[in-house]
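Report on the structure given below.
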Amino acid sequence: MSHLSYLLFVVAWFAIAAESRTHGIEPDRSKLPMELTHFEGKIGETYKESESDWQGSVAAPEGAPNVVVILLDDVGFGQTSTFGGLIPTPNLEKLASRGLKYNRFHTTAICGPSRAALLTGRNHHQCGNGFLMEWATGFPNYSTMLPKSTATIAEVLKDNGYNTWWYGKNHNTPDWETTVAGPFDRWPSGMGFEYFFGFNAGETHQYYPVIFENTTPVEPNKSPEEGYHFMTDMTDRAISRMKFAKSVAPKKPFFMYFAPGAMHAPHHVTAEWRDKFDGQFDMGWEKYREIVFQNQLEMGIVPKGTELTPRPDWVPAWDGLSDEQKEVYTALFENFAGFFAFTDHEIGRLLDAVNGLPDADNTLVIYIVGDNGASSEGGPDGTLNEIMNLNGLPTVLSDVVENLDKLGGPESEPHYPVGWAWAGNTPFQWVKQVASHLGGTRNPMVVSWPARIQPDDKPRDAFLHLVDVVPTILEAAKVPMPGTVNGIKQKPLVGKSFLASFTDPGYAGRDSQYFEVLSNRSMYQDGWKANAQHTRPWRQDLAPGNWDKDRWELYNLAEDFSEAKDLAEEHPEKLAALKSVWKEAAERNEIYPLDDRGSARIAVPKPPVPGSDPNSTTYTYYAGATRIAEPAAPPMKNRSWTLTADVTTQGTETEGVVVGFGGVAAGLVLYLDKGTPVFDYNYFDDHTVVRGDEPLPPGDSTIAVAFDYAGGGAGKGANISLKVNGEAVANGKMQATVGGRFGVDTFGVGEDSGQPVTNAYQPPFRFTGEIRQVVVEVE
Numbered sequence: 001m002s003h004l005s006y007l008l009f010v011v012a013w014f015a016i017a018a019e020s021r022t023h024g025i026e027p028d029r030s031k032l033p034m035e036l037t038h039f040e041g042k043i044g045e046t047y048k049e050s051e052s053d054w055q056g057s058v059a060a061p062e063g064a065p066n067v068v069v070i071l072l073d074d075v076g077f078g079q080t081s082t083f084g085g086l087i088p089t090p091n092l093e094k095l096a097s098r099g100l101k102y103n104r105f106h107t108t109a110i111c112g113p114s115r116a117a118l119l120t121g122r123n124h125h126q127c128g129n130g131f132l133m134e135w136a137t138g139f140p141n142y143s144t145m146l147p148k149s150t151a152t153i154a155e156v157l158k159d160n161g162y163n164t165w166w167y168g169k170n171h172n173t174p175d176w177e178t179t180v181a182g183p184f185d186r187w188p189s190g191m192g193f194e195y196f197f198g199f200n201a202g203e204t205h206q207y208y209p210v211i212f213e214n215t216t217p218v219e220p221n222k223s224p225e226e227g228y229h230f231m232t233d234m235t236d237r238a239i240s241r242m243k244f245a246k247s248v249a250p251k252k253p254f255f256m257y258f259a260p261g262a263m264h265a266p267h268h269v270t271a272e273w274r275d276k277f278d279g280q281f282d283m284g285w286e287k288y289r290e291i292v293f294q295n296q297l298e299m300g301i302v303p304k305g306t307e308l309t310p311r312p313d314w315v316p317a318w319d320g321l322s323d324e325q326k327e328v329y330t331a332l333f334e335n336f337a338g339f340f341a342f343t344d345h346e347i348g349r350l351l352d353a354v355n356g357l358p359d360a361d362n363t364l365v366i367y368i369v370g371d372n373g374a375s376s377e378g379g380p381d382g383t384l385n386e387i388m389n390l391n392g393l394p395t396v397l398s399d400v401v402e403n404l405d406k407l408g409g410p411e412s413e414p415h416y417p418v419g420w421a422w423a424g425n426t427p428f429q430w431v432k433q434v435a436s437h438l439g440g441t442r443n444p445m446v447v448s449w450p451a452r453i454q455p456d457d458k459p460r461d462a463f464l465h466l467v468d469v470v471p472t473i474l475e476a477a478k479v480p481m482p483g484t485v486n487g488i489k490q491k492p493l494v495g496k497s498f499l500a501s502f503t504d505p506g507y508a509g510r511d512s513q514y515f516e517v518l519s520n521r522s523m524y525q526d527g528w529k530a531n532a533q534h535t536r537p538w539r540q541d542l543a544p545g546n547w548d549k550d551r552w553e554l555y556n557l558a559e560d561f562s563e564a565k566d567l568a569e570e571h572p573e574k575l576a577a578l579k580s581v582w583k584e585a586a587e588r589n590e591i592y593p594l595d596d597r598g599s600a601r602i603a604v605p606k607p608p609v610p611g612s613d614p615n616s617t618t619y620t621y622y623a624g625a626t627r628i629a630e631p632a633a634p635p636m637k638n639r640s641w642t643l644t645a646d647v648t649t650q651g652t653e654t655e656g657v658v659v660g661f662g663g664v665a666a667g668l669v670l671y672l673d674k675g676t677p678v679f680d681y682n683y684f685d686d687h688t689v690v691r692g693d694e695p696l697p698p699g700d701s702t703i704a705v706a707f708d709y710a711g712g713g714a715g716k717g718a719n720i721s722l723k724v725n726g727e728a729v730a731n732g733k734m735q736a737t738v739g740g741r742f743g744v745d746t747f748g749v750g751e752d753s754g755q756p757v758t759n760a761y762q763p764p765f766r767f768t769g770e771i772r773q774v775v776v777e778v779e
């Protein structure tokens, strides 16, 4: 017997043995982890009087389904063709034809909080994710530090005999905990997932992603020029592991959480996909909404009598735009549509693989089309550099026009303008982040489970929320929510299983749910909904304060699907009652304190890397220290600093990156070009390059960059001095510097991992000499 044959025999034997481990005795699943299965053999003085009986881990309940949860990012209710939109999603439509569409499913209006609610079955404030990790503050409900008392669905299923895998976006690990120092208990691998392949941030560059496999940083296996795209990579890996697992243990169910970075910016896709939409949105955003709304009515996505909400004052009329504006705005949305069509194609490959499984019929697929509504974070004009937008710098349309040839490619970080976000949320008001209104919180959902669901063209209209997904999966798997996990008492689930809706079209769903993000707040109860809109997503610099001055609106969703008729003046007693209910929910769900600060919260100091010295102003690194998240890297913005590198080179034969920080959008890098030191500061594609006049001498050298910040606030100028062995060799001057963040890329020594800071080299451009140490001293 060959080694491979023997290995397969052993694996199959253990798989067979695992099936009989429970011996017909139902285990106590109320506490996790569970003990090994009961020993039912006999122990005598010797083996001759004894009977063996293998113990093992508890298996999943008989008939427990495979579960695939797909979660897209930043998708509007009126974008997919499946729900009446103008972007074709044939694979989503195919899944819907085998299952059910849901038209009253709700999210939190922002990504990280939505994902926390989805994974835990608790409201986002209850599990420390009141807002995003980059905006974290030192309150338990806003720290983004998921507590042990809110175990994830993966933790529960893993200990109940499931395989558990996570692919794609993880925006639920505080970024100061995403280094090699950990701790790793708030990484996917510490939250019950046996395997993770993805990124720890709100977004990633699709051509140069910051990828981790479990807790180890890994790099793409090919370059963008060779056809690399993260969406394809994660899909390939998901299909491969799923098939492998079913080959080895075909009867063991799995839970797959498939969370692409799509459709979050940057919208990266090839011209092949983008060109399919050339000219298709020339009608503009008002006409887009009219067409989509009619589609939705004809398809039954929205009920008869629904009204299309009017254009707000923060969206300009399309006919009043200049030709230049129309050119840029349509190009950016065509690019988004191409990215979406490509994403649907890739998810189609995953779903085809699921359908090829031996137990495909017993696979529950829950496809949530967006973790919030369409995003307006591209600002009024959209952008080719969304990191610049997030730093509060305006887009110059003429610059975009000159660089449209880069659209969707590795050198761009594109996002469409506010008007297309509004159009994408047809027929609702508002957009992502605005939790007060359905444009921020209502997303399509499609569910398929051939063994249990008969397809139905008519959408299910139960009022549902992300917190309802965990209870539904548990009921489907016949697994209870344990009272304790790893000895820690669990907060009760607040969600309610909607499994009954699979067979009952009249299932009503939740009778109550609160919403809050950045002080945009709402209360739903028994068909009525009270809304208070407070902040605007494209004005992160604006914190209105004065919460008591917010105007509350009132809608009867039982009769007004789109929130088109404000009834606040007609029913003041109902509005007052709902406002009171919201305050009760705020106390019960740990919402307070309200905080409407946007960019100011980004500037709130975050905890240091665990185990580091929080009072230190000196940071020492060695070669190989890579993929360090920006908040865990040296604080090199809005202050003076000195970077000193001790290196050994061979003159002109030595090249490569000494230190790289950031990437395509913005960043800084110190590298050697044929032995000559070069410092490049990328200020949103405006490069200040300070270059030495000759190569380093062979042997040991010290390279230093002295960055003398002008002061007077954030993002001000600086003088730069490049020194070799203590002697100044070049100087530079900047009028402005990056005041917020360089973006989603990282800090590293010895290479420029991921995105290149400059196109002067091809990443990772590893240093070919020796780096003894790099010291960064900050003032």
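Residues 1 to 779 (the working numbering) are what the sequence shown spells out, left to right.
All residues carry an ideal CB built from backbone N, CA and C; glycine is no exception.
Closest by C-alpha distance to Gly743, out of Ala154, Ile602 and Leu464, is Ile602.
Between Arg29 and Asp159, the alpha-carbon positions lie close to 9 Å from each other.
For Asn355, the enclosing alpha helix (DSSP H) stretches over residues Asp323 to Asn355. Cβ contact annotation for Asn731 (same chain, cutoff 6 Å, sequence separation greater than five): Ser721, in chain order. Looking at the DSSP output, Asp646 shares a beta bridge with Thr702 and Gln773.
Spanning the alpha carbons of Lys406 and Ser412 requires a straight line of approximately 6 Å.
In the three-state reduction of the DSSP assignment, Glu413 falls in the strand class, which pools E and B. About 6 Å separates the beta carbons of Tyr162 and Ala60, which is inside the 8 Å limit, making them a contact pair.
For Thr676, the beta-bridge partners assigned by DSSP are Asp673.
Ser448 is a Cβ neighbour of Val365, given a cutoff of 8 Å. Taking a contact as a CB-CB distance under 8 Å, the pair His171 and Arg115 counts as one, their CB atoms being some 6 Å apart.
8 Å or more divides the Cβ of Pro410 from the Cβ of Pro253.
In this structure, the alpha-carbon of Leu670 lies about 17 Å from that of Gln650. By the Cβ rule, the stretch 627-640 does not count as touching the stretch 551-561, because fewer than three pairs are nearer than 8 Å.
Annotation: Glu26 is outside any alpha helix (DSSP H) and is labelled neither H nor E by DSSP.
Residue nearest to Gly739 within the set Phe498, Ala543 and Ile387 is Ile387 (criterion: CA-CA distance). In the structure shown, the three-state DSSP call for Gln525 is strand. In the DSSP assignment, His687 forms a beta bridge with Asn682. Shown here, Leu466 sits in a helix according to DSSP, grouped into three states. In the DSSP assignment, Tyr167 is bridged to Phe197 and Phe258. In the three-state DSSP reduction, Pro217 falls in the strand class (E or B).
Around the Cβ of Arg510, a 10 Å sphere holds 16 or more other Cβ atoms; the residue is buried.
Pairing Pro27 with Ala500, the inter-Cα distance amounts to about 26 Å. Within the same chain, Gly338, Phe339, Phe342 and Gly408 come within 6 Å of Val269 by CB-CB distance, once the 5 residues on both sides are set aside. For Ala435, the closest C-alpha among the options Arg289, Asp457 and His465 is that of His465. DSSP places Lys287 within a helical segment (H, G or I) once states are collapsed to three. Arg186 places its beta carbon 8 Å or farther from that of Thr150.
Rounded to whole angstroms, the Cβ separation of Val68 and Thr472 is 13 Å, and the two are not in contact under 8 Å. For Pro444, the enclosing beta strand (DSSP E) starts and ends at Arg442 to Ser448. Per the Cβ contact rule, the stretch 637-646 is in contact with the stretch 700-715 (3 or more Cβ pairs under 8 Å). Nearest Cα to Ser376 within the set Val354, Met263, Glu324 and Val431: Val431. Distance from Gln296 to Val302 at the Cβ level is roughly 4 Å; contact confirmed, criterion being Cβ atoms closer than 8 Å. From the listed residues Arg539, Gly284, Pro33 and Leu578, the smallest Cα separation to Ser322 is found for Gly284. Taking the Cβ atoms as the reference, Tyr288 lies roughly 5 Å from Ala423, within the contact range of under 8 Å. Ala245 and Gly356 have their C-alpha atoms roughly 13 Å apart. The residues Phe184, Trp187 and Ser189, in chain order, have a CB closer than 7 Å to that of Thr215 in the same chain once the five nearest residues on each side in sequence are set aside.
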